[in-house]
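S.K.: Residue numbers (numbering that gives the first Met the number 0), protein chains in the order written: chain A, 0 to 653; chain B, 0 to 160.
Using N, Cα and C, we set each Cβ at its ideal position, and we do this for glycine too.
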Amino acid sequence: MVTSAPPGATFLPRERFDALLDLLREGGRTVIGPMLRDGAVMLDEIATAADLPAGWRDEQAPGHYRLSDGHGPRLFDVVNGPQSWKQLTFPPRLPVATARREEAGGASFAPVPPDPPRLAFLGVRACELAALRVQDRVLAGGTYVDEDYRARREAAIVVAVECTRAGATCFCASMGTGPEVRSGHDLVLTEVDDGFVVSAGSPAGDRLLARLPGPRATAAQIAAASGAVAATRAAMGDDAVATEGLRDRLMDKLDSPRWAEVADRCLACANCTMVCPTCFCTSTNVHSDLDGTVNVAEREWDSCFNVGFAKVAGGNFRPNRSERYRQWLTHKFATWYDQFGTSGCVGCGRCVTWCPVGIDVREELAAIAPPAIPVGRTPPRPAAATTGRFDVATLREVHAETDDTRTLRLTPGDPALLGGLPGQFVMVEQPGFPAFPISASRYGSEDLFLTVRGAGPATAAVLATPIGGEVGLRGPLGRPWPIDRALGRDVVVAAGGIGLAPLRPLIDALLADRDRFGSILLAYGARTPADQLFRDELASWATHGIEVVQIVDRSGPGWSGRVGVVTNLLDQRDFARRPSVAFVCGPERMMQATTRVLRDGGIPAERVFVSLERHMECGIGLCGHCQMGPFFICKDGPVFSLAELGDLFAREGI
Amino acid sequence: MADRSTLASKLGGTWFGAGLASRDRDRLVASATLRAFGVGEILLREGGACETFGVLLSGLLGMQVLVPGRGTVTLLTVEPGDVYGWSALVPPHRSTSTVLGVEPGEALIFDASELRELLREDDALAATLYPRLLQSLGRRLTATRFQLLDLYARERDYVPW
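Now the structure itself:
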């Protein structure tokens, strides 16, 4: 078997750099690279290595860019300048078509065919390679292709340079695009003390490398190169933007007050979009000769920050700066994923540096869509998840809530059962009877609390367990209430009947972190005063920062409170004034009526959560009993947002 | 005694009165007064002549009916913003329940005969007021249906209709 060893890296001494330029220029190619001009490092034609900014460094910060020289012999110590390579692949102004008025009312139209210059891009950074990939997807990866862009991309050789310095506005490591160069290049250079480690990334690069004079790079040189890039990564850090879940977090914050606040600083100058290497919005402007016969259509960079960008004949869809800033940030960091499968940001930092007022996307993202901070504990792996395996818990105490409902205090054998999250449930079994699901009604430090209503033989058997007796438990199972969605928001907890039980651990968690939430309202409806759960605690919650409003369907002796239904407590409130989240549990018909008034009151479907009840036997998505549309209630739920459920919620016979 | 503009703005601050044109509010409150009530204080008596129509501004009102052998049963409590004494506008002008204070508060009350007279002579005002009244009664009817459904009942207690 014949194997060809991969071509190794070549070492190019700095004083021999012109040899690379000569090679790139073969066949009439023009080399474009970083060059000092107008007080910045711009992209321009590089004739000799002397044109490169040797010894220059840049100092970048939000709204700040300064250059200084005398930093030694290195050619690529400057990081990104204001121009990105889209300057060349996607020019700011490009004639795209001509249209002529012919004699006798005729008209003719002709596109301007692509005529790409043959260029070699020298000094393309990892973030820029990522940006080219993003624009490849946007402009040449869909049903319709920008022919001019594709021709320019195909005509260019890409010589990447790995960053051995990072600017203070760089955050490629956070966005997962750099500083290491991994793909999209023909050649890649890494600058070390006395030259460059050069390797190839494409067949064309292999051919160039084979003809580049110079010794093979030594192991020490290769190690120095990769060490320098690793040091750049370490200096930059990878936590400038919390990308995990960013799309959903950001789209969830369309009504953040921060949009208005950032709009007070934003000048809508569009600098950020001009310097952004992925922004691709354009307008076509037609220039006519004096008698209107010959018309040339030019495509020009435009920006969603420009006031007329979303204007139509009847008005403007985004007249305010806050709306335009939101459009830009949510497109770049959220809806770009939906449209193109990737982030629209590559972390080059240009929009931060070149913002005249120093608005920093990293800061805005952290303020508008902070990473979800876990509230309470993280869900444990369940103890004895699979059917047939049970943890054995000892019954310590029974508290009668109503004439048919008891709260059991159980000490499980496996502490995992104590680590469950609010809204999760356990399967409970007494030997000889089928297992049934019960939501935890409280997690104690040593005990698990289950509130059980005697409804049939299996629940009766568990309720008949003597103190000190044992029951089998599997869990915690299912998806919990998403408490993190309530951070910083007003919270509505609506409970009906024994639906208060699965909500009690949620209330415990809200109270444990009380200052991290806005106002908290508990609206609790029960059949009669005697059917209320946790009666003693309702009063105590009211003294701990929760507005507790109780109502009963039927009053009884000694009841001097509200009579009626839960919706009466909610349907005249305005939940739209502050961002609110609702957690609802009760009989399905009650949840339907309640969620309707919450929606009408201004809480979006994405932030109204219900806990569904269905027949469950396994609790882990295997037995099929709890299937509802595309969901297994046990595994995908029991907690869902109304948005997730859509038309399935409270529909008959589903 | 509160002046008329205060009463008009109090009416506009309730959900029943929200969005009423200022002309309509002014006409309505021309004969309105404020009534404060305490816990247990009876504002209307079941079966009695319903001589006032009220909009609750604060506190809580209970609506009770008498069931011989069971005593008085509170069927409903009325929250601020809602109305009571609608029988004042609908013949035979007799209260369908006893209305009494559950939590102390204040109501904006309208003399029944003056209000009827006003609505008879001002068609536009009547055409504005009656749909609002129907809306609040419809809301009460819907809620009553939910009470009748007895949604929190145990399966064995639930008797199909």
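#1: Met590 of chain A to Ala142 of chain B, Cα distance in whole Å?
#2: Closer than 8 Å is the cut-off here; do at least three beta carbon pairs connect the region 23-39 of chain A with the region 106-119 of chain A?
#3: Can you give me the start and stop residues for the beta strand (DSSP E) that Leu60 of chain B sits inside?
#4: Taking the beta carbon of Gly166 of chain A as the centre, do at least 16 other beta carbons fall within 10 Å, making it buried, or is it exposed?
#5: Answer with yes or no whether the minimum CB distance from Asp149 of chain B to chain A is below 8 Å.
#6: Any C-beta of chain B within less than 8 Å: which residues of the region 565-587 of chain A qualify?
#7: Is it the case that the Cβ atoms of Arg606 of chain A and Arg484 of chain A are separated by a distance below 8 Å?
#8: Applying the 10 Å Cβ sphere with the 16-neighbour rule, what's the burial state of Phe108 of chain A?
#9: Can you tell me the Cβ-Cβ gap for Gln423 of chain A and Leu476 of chain A, rounded? I've got them flagged as a contact below 8 Å.
#10: Checking the sheet assignment: what are the DSSP bridge partners for Tyr523 of chain A?
#11: Cutting at 8 Å between CB atoms, please list the residues of its own chain near Arg215 of chain A, excluding the five before and the five after it.
#12: Find the nearest neighbour of Asp660 of chain A within the set A:His624, A:Ile367, A:Ile602, A:Thr281, judged by alpha-carbon distance.
#13: Identify which residue in A:Thr168, A:Met250, A:Phe16, A:Lys310 has its Cα closest to the Cα of Pro61 of chain A.
#14: Relative to the C-alpha of Thr404 of chain A, which candidate in A:Asp238, A:Phe533, A:Asp254 has its C-alpha closest?
#15: So what's Tyr654 of chain A in DSSP terms, helix, strand or just coil?
#16: So that I know if they touch, is there some Cβ in chain A lying closer than 8 Å to that of Ala152 of chain B?
#17: In chain order, what residues of the same chain have a beta carbon less than 8 Å from the beta carbon of Gly291 of chain A, not counting five sequence neighbours either side?
#18: Ignore the nearest five residues each way along the sequence and tell me which others in Ala20 of chain B's own chain have a CB closer than 8 Å to its CB.
#19: Note down, one range per segment and in chain order, each beta strand (DSSP E) of at least 3 residues found wholly within the region 184-256 of chain A.
#20: Closer than 9 Å between beta carbons: that is the criterion. Which residues of the region 32-62 of chain B meet it against chain A?
#21: Along chain B, in chain order, which residues have C-beta atoms closer than 7 Å to that of Ser559 of chain A?
#22: Could you tell me if Pro202 of chain A is buried or exposed, where buried requires 16 or more neighbouring beta carbons within 10 angstroms of its beta carbon?
#23: Please list, in chain order, all residues of the same chain as Ser554 of chain A whose beta carbon is under 6 Å from its beta carbon, the five residues on each side excluded.
#24: Express the C-alpha separation of Gly419 of chain A and Tyr442 of chain A in angstroms, rounding to a whole number.
#25: Going by Cα to Cα distance, which pick from B:Tyr83, B:Gln146, B:Leu140, B:Leu147 is closest to Phe109 of chain B?
#26: Buried or exposed: Asn567 of chain A, going by 16 or more other Cβ atoms within 10 Å of its Cβ?
#27: What does the alpha-carbon distance come out to for the pair Trp300 of chain A and Thr97 of chain A?
#28: From Ala399 of chain A to Thr464 of chain A, what does the alpha carbon distance come to, in whole angstroms?
#29: Quick one: which residues of the region 603-632 of chain A get their C-beta closer than 9 Å to a C-beta of chain B? List them in chain order.
#30: According to the Cβ coordinates, are Val190 of chain A and Phe332 of chain A closer than 8 Å?
#31: Could you say which of A:Val293, A:Leu499, A:Ser342 lies nearest to Ala106 of chain A if we only look at CA atoms?
#32: For Ala493 of chain A, count the other beta carbons within 10 Å of its own beta carbon; 16 or more makes it buried, fewer makes it exposed. Which is it?
#33: Can you grab the Cα-Cα spacing for the pair Gly496 of chain A / Val551 of chain A, in whole Å?
#34: Does Gly80 of chain B have its Cβ less than 8 Å from a Cβ in chain A?
#35: If we count the other Cβ atoms within 10 Å of its Cβ and call it buried at 16 or more, is His543 of chain A buried or exposed?
#36: Within a Cβ cutoff of 7 Å, which residues of the same chain sit near Ala604 of chain A, ignoring the five residues on either side of it in sequence?
M.R.: From the atom records:
#1: Met590 of chain A and Ala142 of chain B have their C-alpha atoms spaced approximately 14 Å apart.
#2: Three or more Cβ pairs drawn from the region 23-39 of chain A and the region 106-119 of chain A lie within less than 8 Å of each other, which places the two stretches in contact.
#3: In the DSSP assignment, Leu60 of chain B falls within the unbroken beta strand (DSSP E) covering 51-66.
#4: Answer is buried; the Cβ neighbour count reaches 16.
#5: Judged by the 8 Å Cβ criterion, Asp149 of chain B is in contact with chain A.
#6: Thr566, Asn567, Leu568, Asp570, Gln571, Gly585, Pro586: these are the residues of the region 565-587 of chain A whose beta carbon lies less than 8 Å from some beta carbon of chain B, given in chain order.
#7: Using a Cβ distance threshold of 8 Å, Arg606 of chain A and Arg484 of chain A count as a contacting pair.
#8: Around the C-beta of Phe108 of chain A, fewer than 16 other C-beta atoms lie within 10 Å, and the residue is accordingly described as exposed.
#9: Right, their Cβ atoms sit about 6 Å apart.
#10: Beta-bridge pairing by DSSP links Tyr523 of chain A to A:Ala494, A:Gln549.
#11: Same-chain partners within the cutoff: Gly7, Ala8, Thr9, Phe10.
#12: In the structure displayed, chain A extends from 0 to 653; residue 660 of chain A sits before or after that span and is not available.
#13: With distances taken between Cα atoms, Pro61 of chain A lies closest to A:Thr168.
#14: Closest option to Thr404 of chain A, Cα to Cα, is A:Phe533.
#15: Nothing in the structure corresponds to residue 654 of chain A, since chain A is present only between 0 and 653.
#16: Closer than 8 Å: yes.
#17: Arg100, listed in sequence order.
#18: Contacts found: Thr127.
#19: Taking 3 residues as the shortest admissible run, the region 184-256 of chain A contains the following complete beta strand (DSSP E) segments, listed from N- to C-terminal end: 186-191, 194-199.
#20: In summary, the residues of the region 32-62 of chain B whose CB is separated from some CB of chain A by less than 9 Å are Val38, Leu59, Gly61, Met62, in the order they occur in the chain.
#21: Residues of chain B passing the Cβ test: Val101.
#22: Flag for Pro202 of chain A reads exposed.
#23: Result list for Ser554 of chain A: Val562, in chain order.
#24: When only Cα atoms are considered, Tyr442 of chain A and Gly419 of chain A end up about 7 Å apart.
#25: Ranking B:Tyr83, B:Gln146, B:Leu140, B:Leu147 by Cα distance to Phe109 of chain B puts B:Tyr83 first.
#26: Burial call: buried.
#27: Between the alpha carbons of Trp300 of chain A and Thr97 of chain A lies a distance of about 19 Å.
#28: Looking at the two C-alpha atoms, the distance is approximately 14 Å.
#29: Under the 9 Å Cβ criterion, the region 603-632 of chain A contributes no residue.
#30: The amino acid occupying residue 190 of chain A in the given sequence is Glu; Val does not appear at that position. No Cβ-Cβ contact shorter than 8 Å links Glu190 of chain A with Phe332 of chain A.
#31: If we check each option's Cα against that of Ala106 of chain A, A:Val293 comes out closest.
#32: By the 10 Å Cβ count, Ala493 of chain A comes out buried.
#33: Approximately 9 Å between the Cα atoms of the pair.
#34: At least one CB atom of chain A sits nearer than 8 Å to the CB of Gly80 of chain B.
#35: Exposed: under 16 other Cβ atoms inside 10 Å.
#36: Around Ala604 of chain A: Arg598, Ser640, Leu641, Ala642.
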